[in-house]
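K.L.:
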Amino acid sequence: MQESLDELKAVAVACLEKAVLKERLPFQVGAATVIPEEFTIRDGMGPGGITTIVVKVGKQKAAYIVIDGNNMVSGLREKVLSALHSLGIDDGEVFTTDTHAVSAVILSQRGYNAVGEAIDHERLIAHIKEATVVAMSKLEHVKTASCCNITVPSVKVIGKKRLETLCLLVDRAIRKAKRIVVPIFGISGLFLMLILLFV
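If you use my numbering, the sequence shown corresponds to residues 1 to 199, in order.
In structure tokens form, the structure reads like this:
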């Protein structure tokens, strides 16, 4: 695992080193949001709808699509990116927010529909294209801001050890609950049967 992470880090550093040597061009950014009323949380679409961010550098345009949903069916990403090429988009990516607003609203093994599972792909792509066209019409020249490191002292995070402890705590609580529940319900059940016998 560590070897894979080290390789990934090395590749990322190499990419950044190459990118720094490239010619810097001004760029434009535009964004738009479409909230399709025909799709509901039961269909797998959260209240945030679809947001498109288009970035134009030189003659190249990239679109980043964010769908308010939890996961996405296989193959839909490729359909979306292919449809965006017809609008003059050279590259892009499709993301989901992994919202849990759509979770536990249907009876299924997962408890939700992934994006594209209950939603018609062509209707979804039409809304994505609509958001992309609006985002392209809003392209504006932008400037980058300087980056800086900020250290926030005393921030507690859940690391591997604390996460394992938390899981063990939940596991122990469930085991204890199982041991307690059987006698309680057994005694209660026996008591109720005795009452019913004498009434």
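Glycine is no exception: its CB is placed at the ideal position from the N, C-alpha and C atoms.
Under 8 Å between the Cβ atoms of G44 and Y64?
P.N.:
Contact flag unset, no.
K.L.:
Confirm, please, whether the CB-CB distance from R110 to E38 is below 8 Å.
P.N.:
Contact: no.
K.L.:
From V102 to L163, what distance separates their C-alpha atoms?
P.N.:
Computed Cα separation, rounded: 26 Å.
K.L.:
How would you write the range of the beta strand (DSSP E) that F27 sits in, first residue to last?
P.N.:
Element bounds for F27: 27 to 34.
K.L.:
Verify whether the separation of the beta carbon atoms of L107 and V94 is less than 8 Å.
P.N.:
No, the Cβ-Cβ distance between L107 and V94 is not below 8 Å.
K.L.:
Pull up the DSSP beta-bridge partners for G92, would you.
P.N.:
DSSP, once it has assigned bridges, lists A63 as partnering G92.
K.L.:
Counting Cβ pairs, one atom from each stretch, are 3 or more of them under 8 Å apart for the segment 23 to 34 and the segment 45 to 55?
P.N.:
Touching, per the Cβ criterion.
K.L.:
Is it the case that the Cβ atoms of R42 and V142 are separated by a distance below 8 Å?
P.N.:
Going by C-beta atoms, R42 is not nearer than 8 Å to V142.
K.L.:
List the DSSP bridge partners of V204.
P.N.:
The displayed coordinates of the chain run from 1 to 199. Any statement about residue 204 would go beyond what the structure contains.
K.L.:
So, at 8 Å on beta carbons, what are the nonlocal neighbours of A83 in its own chain, with the 5 sequence-adjacent residues on each side left out?
P.N.:
Contacts found: I125, I128, K129.
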